[in-house]
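Sequence positions in the first sequence follow the numbering used here and run 14 to 237.
To start, the structure itself, in structure tokens.
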Amino acid sequence: MHTLLPAIKSSVWGPSLSPAELALVVAETSVKVVPAGAYVCHKGAPVEAWIGVIEGLVKMTSLSSEGKSVTFTGVPAGGWFGEGSLLKYPEPRLYDMVAVRESRVAYMPRATFNRLLDTNISFNRFLLKQLNERLGQFISVIEFDRLLEPDARVARALAQLFNPLLYPGTAALLQLSQEEIGLLSGVSRQRANQALQVLEKAGLLKVEYGGVRVLDVEGLKHFG
DNA sequence: TCATTAAATTGTT
DNA sequence: AACAATTTAATGA
């Protein structure tokens, strides 16, 4: 597909591939358009691919036994995920990934992923960094959920999308509706709206139609 | 290009 | 959760 090549080239790990490797990876990786609300991959399913978000936004969720969904984190365009699940193959996937809005998603087959792992040191270094970064992210998610008030939760959810290592090149203008922000932050849309206004008054971001412009990532990260 | 309409998003109760 | 106001996108003259 035409959109895949530039996406990989602009990723963190893409430039370390030789031209031949790059061509092979592109040929082996499939791209799918996932409608809003549809599953990118299912919890419990066998892990057959490493998954990249070319365009759009995907959230990581899990369903409780009562059917309530809990959102862990969002993955914006440019993010790749599922390496942890791949490394633990053949264990099934532990969470669902759902498109928050219509998204273009790349599926790199396990065989391709493993070949890169076996042959490309830069790719390994990238994965180590990403795993480490995610570890830190999930530790902070715990306090995020238990300690923080809604304003701070929204602030951190937005700041997380800016992690330069996990999600390079995320634009300053996040095209997220306030409803989507609420979903990612674990608060209602109304509360997200309220929080955004607080954060705007604090000078950390600017509320725009259909999105927010982030002015101070560090400020968001440490809010509250 | 402009005006009208529908759809999406936001702000407020 | 429901409502009204605002913005954007789509349509056709």
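Each residue gets a CB set at the ideal place from its N, CA and C atoms; glycine is no exception.
C-alpha distance - residue i paired with residue j, whole-angstrom precision
| i | j | result |
| --- | --- | --- |
| Thr-4 | Thr-86 | With the chain covering only 14 through 237, there is no way to say anything about residue 4. |
| Thr-42 | Asn-133 | 17 Å |
| Tyr-222 | Arg-169 | 21 Å |
| Gly-232 | Ala-33 | 43 Å |
| Cys-54 | Val-111 | 7 Å |
| Val-44 | Asp-164 | 36 Å |
| Val-71 | Lys-214 | 29 Å |
| Leu-218 | Gly-92 | 22 Å |
| Leu-37 | Asn-137 | 18 Å |
| Asp-131 | Arg-202 | 45 Å |
| Pro-250 | Leu-144 | The structure shown does not extend to residue 250, since the chain is modelled only from 14 to 237, so the question has no answer here. |
| Pro-105 | Val-83 | 19 Å |
| Lys-142 | Leu-129 | 16 Å |
| Val-154 | Ala-40 | 36 Å |
| Leu-189 | Leu-196 | 10 Å |
| Gly-216 | Asn-127 | 45 Å |
| Ala-51 | Ser-31 | 35 Å |
| Glu-162 | Leu-18 | 41 Å |
| Phe-94 | Val-225 | 24 Å |
Residue burial classification, residue i (beta-carbon count within 10 angstroms, cutoff 16)
| i | result |
| --- | --- |
| Pro-89 | buried |
| Tyr-108 | buried |
| Tyr-180 | buried |
| Ser-23 | exposed |
| Glu-193 | buried |
| Val-113 | buried |
| Val-220 | exposed |
| Leu-187 | buried |
| Gly-237 | exposed |
One or two residues paired with residue i in a DSSP bridge
| i | result |
| --- | --- |
| Val-118 | Lys-45 and Val-66 |
| Asp-109 | Thr-74 |
| Gly-87 | Lys-72 |
| Arg-226 | Leu-186 and Lys-219 |
| Trp-93 | Gly-65 |
| Tyr-52 | Val-111 |
Chain-order list of residues whose beta-carbon lies under 8 Å from that of residue i (same chain, five-residue window excluded)
| i | result |
| --- | --- |
| Gln-173 | Thr-86, Gly-87 and Gln-150 |
| Phe-139 | Val-25, Trp-26 and Ser-29 |
| Glu-115 | Val-46, Val-47, Pro-48, Ala-49 and Gly-69 |
| Lys-234 | Ala-168, Arg-169 and Ala-172 |
| Val-262 | The structure shown does not extend to residue 262, since the chain spans only 14 to 237, so no value can be given for it. |
| Thr-74 | Ser-82, Val-83, Thr-84, Phe-85, Tyr-108, Asp-109, Met-110 and Val-111 |
| Ser-135 | Trp-26 and Ser-29 |
| Val-200 | Pro-163, Arg-166, Val-167 and Ala-208 |
Neighbourhood of residue i by C-beta, 6 Å cutoff - its chain only, sequence neighbours within 5 removed
| i | result |
| --- | --- |
| Ile-67 | Thr-16, Ala-20, Arg-117 and Ala-119 |
| Val-227 | Ala-185 and Leu-218 |
| Leu-35 | none |
| Gln-191 | Arg-202, Ala-205 and Asn-206 |
| Ile-152 | none |
Same chain, Cβ closer than 7 Å to residue i, five either side skipped, listed in chain order
| i | result |
| --- | --- |
| Pro-59 | Pro-103 and Pro-105 |
| Ser-198 | Arg-166, Val-167, Ala-170 and Ala-205 |
| Val-211 | Asp-164 |
| Gly-57 | Pro-105 and Arg-106 |
Evaluate the contact criterion for the region 56-73 versus the region 112-124: three or more CB pairs, one atom per stretch, below 8 Å. Yes, the region 56-73 is in contact with the region 112-124.
Touch check for the region 88-108 and the region 154-169: three-plus C-beta pairs under 8 Å? Judged by Cβ distances under 8 Å, the region 88-108 makes no contact with the region 154-169, as fewer than three pairs qualify.
Is it the case that the region 207-217 contacts the region 136-155, given that we only count it when at least three CB pairs across the two stretches are under 8 Å? Contact annotation: the region 136-155 does not touch the region 207-217, with fewer than three C-beta pairs closer than 8 Å.
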